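Numbering of the sequence shown is given in the numbering used here, commencing with residue 75 and proceeding in unit increments. Working notes, beginning with the structure itself.
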Amino acid sequence: MLNNALMTIESLAGLEHVSGITPDLLQKLYSEKNLKDLNKRLKSYTMLFTKNGPLHNDKQNGDRIYDSLFKTIVSKFENEGSRTCEISGLSFDTPFHALYEKALGELGFSSKEIQKKDTTIGRTWFPLIGGLGSDAQALPQAKFAIQIHPICIVILQFLPLSSLLYNGGILLVDSSNFDLPRRMIDRNRRLVEERAGAVSVSESIENIRDSKGNYLIKALESLKEKELFDETYSDLNLWSFSNSGTGASCQIDRIPNTLIRKLTQLDANPRTAAELKSILNNNFTSSSFLEALEGNRDWHLLYPAVLGSGKNKVEHNGYSSEFLESYYHVIGKGEMLEIARYISFLISKYKTKYFDKLPKKSDAWNEPEYRIEIVKVLALATEKNEWSLEHQIAILDDKEKLPVNSSFRRMHRLIHFYWQRDVDNIPLPAVEVHETAVFKACEWVIALAQNYSGRIRITESLRSPQENESVSLERVFLEALENTYVEFMDICDLLVEKENFYFSQKNLNELLRIFFSQPIQAGYNLHDWVSETEDVVLSDWLQRIVLFAEQYQSYYFEKYRNQLTGRLPTEKFRRLVKRFEERSDFYLLFSQAVENTNTYLAEHKGGSSNQWDVENLLLDPLGNRSNGLSRWAIVFSLKQQSLKSQTTDQLITQ
């Protein structure tokens, strides 16, 4: 606040620096600018100092008191003393109230009359400062008078001459780049001066209102004028300040250096500067634009759209390709542009009947069929060697998320933006996704599928748009148990949502469809998958199923062990597990397994005859019925047990 007032004085006097301000200069400006009369007319003055000061609360003597007080403080200026100003750090001896009383005395007020007046410093003289007495906004320290150098009171009297409104309050600005607020305040001071000169000297001077967007435009212009675009750091704080009534407050809108840098990049481009200013000038667009820009997010108004409905329906044309592309580069997502243009080209080349019928309306990208039809186009392009698994992964909303989410919704509007503009033939863009979690997961599963005995049939099914969603990889994983190290937690990494334990491989299958549709397919080596799942609930649930599998195997081996040789029925158990893999009679087999295991535990281990329950074992980790996840885990655990016993049996035989 004090800095803004000093900068206002600097601007009024045409100084190079605030250090040139002296008491004599303050007195000179007071007279030249007719400060007393200006402050009586400025609406901003009462917002800063309330209506309780002499200028507005004392019609008979207010002008005289204000004038005498100003001149007394200036003429009695001290820069040494036993007191230290809590605002400026200046030293002084004579407090404000003593100078106030002296000014009143010089006007002829008696000691008795002076005693009746409040001469302490409160909000009337320094905004938001609680004072002694009955100040409604007195701060906790108001039990004693705050130490403020009287010259600060004089300096603040110039603040209304540069005060504009922001968010319903008086605007104050500050920045680590000191020259930025100086230039903004100079602009504001000129605006107030123009407003004052445009009305009669007998009329009030209304406040000048503006938006955050417009203030940022002025900040950009100030930076450009001074060629400060290359400054290493230029943040900006916009203070919305009120000292009125009982709702005195101060709020801060912080504009970080990163946002200033992004705005300066857009403003520096002649092809986008005009559109940037039109966005910031509009209250409707500026707020959401600045939020999106600061958060490096897509901005919905970049694109054509229909806003509102009925009589309020408005056709929004969006912004130019140049602005959209500059915006994407500024938020660090420029790589999306080329690939969106390319997909738009593929749509025009391989468009399905859907795209033939689809009018180029602005909200078509939001229709449920839109994504499905794009996938069809990309699958056709893949067959022609014009798309690949790597490119499909490159457009995903999250390339690091496992289980795989095959959504690329963030690309929808961008693709449609170019589709509406008839993009010409462009080459397939280069992408790099080999270090992403999704690619590594696909690589692992593809390696398993390529080494699967039924690979021809399963790859045909994965390529088929009719069969793709229903293809199960269960047999691929079960067979892989025989050749490589696979744990059920590895499968959970790829196919189980950790929040709700929902089991699905539809999204993964979609990516596999693209890979196996490629005319030329890379071959991947089998390797272990290192699970990153550290879910205690999931782990405890799986351990229960593993324990059941172990106990069921114990029952089976005890019952069918060769009584003469002691040989374990490992091969017979393996064939039984094979039956569990079939979906047709799983529930019947499993029910019998649970019953037999309970009987065995009761007879041989002293356990309960109801230790295991069929329905309980088919629950997911959250206690919900989940035939898919639970059945997979049961079959997988039984298969693991059969392989372990088979290996043990072979070692014994050898």
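A virtual CB, placed ideally from N, CA and C, is assigned to each residue, including glycine. Just so you know, these numbers come straight off a predicted model, no measurement behind them.
Per the coordinates, the alpha-carbon of Ile532 lies some 8 Å from the alpha-carbon of Val545. Beyond the five residues adjoining it in sequence on each side, Leu642 comes within less than 7 Å, by CB distance, of Phe631, Arg635, Ser719 and Asp723 in the same chain, given in chain order.
Arg618 and Asn599 have their C-alpha atoms spaced approximately 33 Å apart.
If you keep only unbroken alpha helix (DSSP H) runs of at least 4 residues inside the stretch 350-401, you get 357-368. Listed in chain order, the beta strand (DSSP E) elements of length 3 or more contained wholly in the stretch 276-344 are 310-316 and 323-329. For Phe577, DSSP records a beta bridge to Val570.
Secondary structure note for Gly243: it is in no alpha helix (DSSP H), and the uninterrupted beta strand (DSSP E) holding it is Gly243 to Asp248. Residue nearest to Ser185 within the set Glu175, Leu568 and Leu86 is Glu175 (criterion: CA-CA distance). For Tyr140, same chain residues with a beta-carbon under 6 Å away, outside a window of 5 residues either side, are Lys110, Pro128 and Leu129 in chain order.
C-alpha of Ala414 to C-alpha of Lys407: approximately 12 Å in a straight line. For Ser544, the three-state secondary structure derived from DSSP is helix. Under the DSSP definition of a beta bridge, Ser700 lacks any partner. Around the beta-carbon of Tyr626, 16 or more other beta-carbon atoms lie within 10 Å, marking it buried. Under DSSP, no beta-bridge partner is assigned to Arg138. Ala667 has its alpha-carbon roughly 47 Å from the corresponding atom of Ile469.
The DSSP-derived three-state label of Thr194 is coil. For the 8 Å CB-CB criterion, Ser394 and Glu349 form a contact.
Residue pairing for Leu693: DSSP places it in a beta bridge opposite Arg699.
Going by DSSP, Lys125 is part of no alpha helix (DSSP H) at all; its letter is neither H nor E.
For the 8 Å CB-CB criterion, Ser700 and Phe622 do not form a contact. The beta carbon of Ala515 sits closer than 7 Å to those of Leu476, Val478 and Leu568, all from its chain and outside the five residues before and after it, given in chain order. Taking the CA atoms as reference points, Glu553 sits about 20 Å from Asp659. Listed in chain order, the non-local C-beta contacts of Asp472 below 7 Å within the same chain comprise Asn479, local neighbours out to five positions each way being set aside. In this model, Leu86 and Arg371 are separated by some 42 Å (Cα to Cα). Here Arg641 carries a coil assignment [DSSP, helix/strand/coil]. Within the same chain, and ignoring the five residues on either side of Lys125 in sequence, the residues whose Cβ sits closer than 7 Å to its Cβ are Asn131. The shortest C-alpha to C-alpha distance from Ala707 to any of Ala347, Gly179, Arg549 and Leu364 is the one to Arg549. Per the coordinates, the alpha-carbon of Asp496 lies some 48 Å from the alpha-carbon of Gly243. Residue pairing by DSSP places Ser165 opposite Thr158 in a beta bridge.
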